[in-house]
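J.:
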Amino acid sequence: EEHSTLTNELLTQSDHRDKKTGCMPLHWLAGTGFDEAIEYLLGRSDSYDDTSFSSTALASLSMDQPAHHPSTERTPLHYAARNGHLSTCKLLIEKFGANPHPKCGRGGVTPLQLAVWQNRLDVVQYLIQKNGVQVIHERNDFNCGLMHWIGLIPQKRWCSGSKGDDENAHDDGSGVLPLARYLHSLGISYESTIENSNTQGHTCNHKAAWGGNLPLLKYFRNEHDVYDTIQDAAGNYCADIAKMRGNMECHHWLLEHGSGDRAESYKILGLEVGVAM
């Protein structure tokens, strides 16, 4: 009982909330994948039932514990998924009854969306399996879907085969393609249309240009017939977005090989997409 009381105080009292992030200890444990500590603090399996703790001292602790500002209402699962800790995701969901698809208070972002953003293919596959394939079509409060998040994968996470961020710095961007192809196999569309844009008017092509991922831009064009034909709400084409971000290789490629004019030329000449003219 003393163990439960001390655990309850550590995991639920505001004194233990990190002032900078708004996170409680359980968020940090999940975000670092410290499964042993999670299990130790929460006790053995006979201390709780499938969805909530039966111990009086732990009754106020939820596996969906919301973080405070600026991490508004992110749960421990958000952090485990974002940081690629598959075993922690399974522990939180399957052993401790965490909601497998919570939405945070800022933008309605889900753990699945964060896992896509960080190129965590194994976590993405697991969360889709737990929640059902229909969740891949959900949009957040900014009307961003998984097709938008994949273009924003940071360079340090382009190589999905590595756990460490520093080891990914030199990947050319093709490391995101297995995730892109997996999502498409389930029904995600990468087409450039107004209907497939977010509230900024950004298509998935805009996001890839913003993220500076040239292999992803080439994949969109070569396998999905996506060209730089749609302007965002501010009138910017994808090439404009790439230039704003200083992604000049993407900017020049979009102008020379991914423009609407180039698409029309391929069509008129009856040439295969991507061949030299």
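full-length UniProt numbering applies: residue 1 is where the sequence shown begins, and numbers increase by one.
Even for Gly, the Cβ is constructed at its ideal location relative to N, Cα and C.
#1: Just to confirm my understanding: we take Ala-37, look at its own chain, exclude 5 residues before and 5 after, and list those with CB closer than 8 Å. What are they?
#2: Give me the Cα-Cα distance between His-75 and Asp-261, rounded to the nearest whole angstrom.
#3: Can you give the Cα-Cα distance for Tyr-40 and Gln-134, rounded to whole angstroms?
#4: For Leu-254 versus Ala-263, is the C-beta spacing smaller than 8 Å?
#5: Nearest to Ala-81 by alpha carbon, out of His-101, Arg-245, Gln-65, Thr-72?
#6: Identify which residue in His-69, Ser-87, Ile-93 has its Cα closest to the Cα of Met-63.
#7: So, Gly-175 versus Leu-217, is the Cβ gap smaller than 8 Å?
#8: Could you check what DSSP says for Asp-228 in three-state terms: helix, strand or coil?
#9: State the Cα-Cα distance for the pair Asp-141 and Lys-95, rounded to the nearest angstrom.
#10: Taking only the alpha-carbon atoms, compute the straight-line gap between Asn-99 and Ser-197 and give it to the nearest angstrom.
#11: Applying the criterion that 16 or more other CB atoms from any shown protein chain within 10 Å of the CB defines a buried residue, is Asn-205 buried or exposed?
#12: By DSSP's criteria, Ser-259 is part of a beta bridge. Which residues make up the other side?
T.: In short, the structure shows the following:
#1: For Ala-37, where only same-chain residues beyond five positions count, the Cβ hits under 8 Å are Leu-29.
#2: Residue identity differs from the one stated: residue 75 is Thr in this sequence, not His. C-alpha separation (whole angstroms): 46 Å.
#3: C-alpha separation (whole angstroms): 35 Å.
#4: At the C-beta level, Leu-254 and Ala-263 stay beyond 8 Å of one another.
#5: For Ala-81, the nearest C-alpha among the options comes from His-101.
#6: Comparing Cα positions, the closest option is Ile-93.
#7: No; because the gap between Cβ atoms is not below 8 Å, this pair is not in contact.
#8: Strand, per DSSP.
#9: Computed Cα separation, rounded: 30 Å.
#10: Looking at the two C-alpha atoms, the distance is approximately 29 Å.
#11: It is buried - the Cβ of Asn-205 has at least 16 other Cβ atoms within 10 Å.
#12: According to DSSP, Ser-259 bridges with Asp-228.
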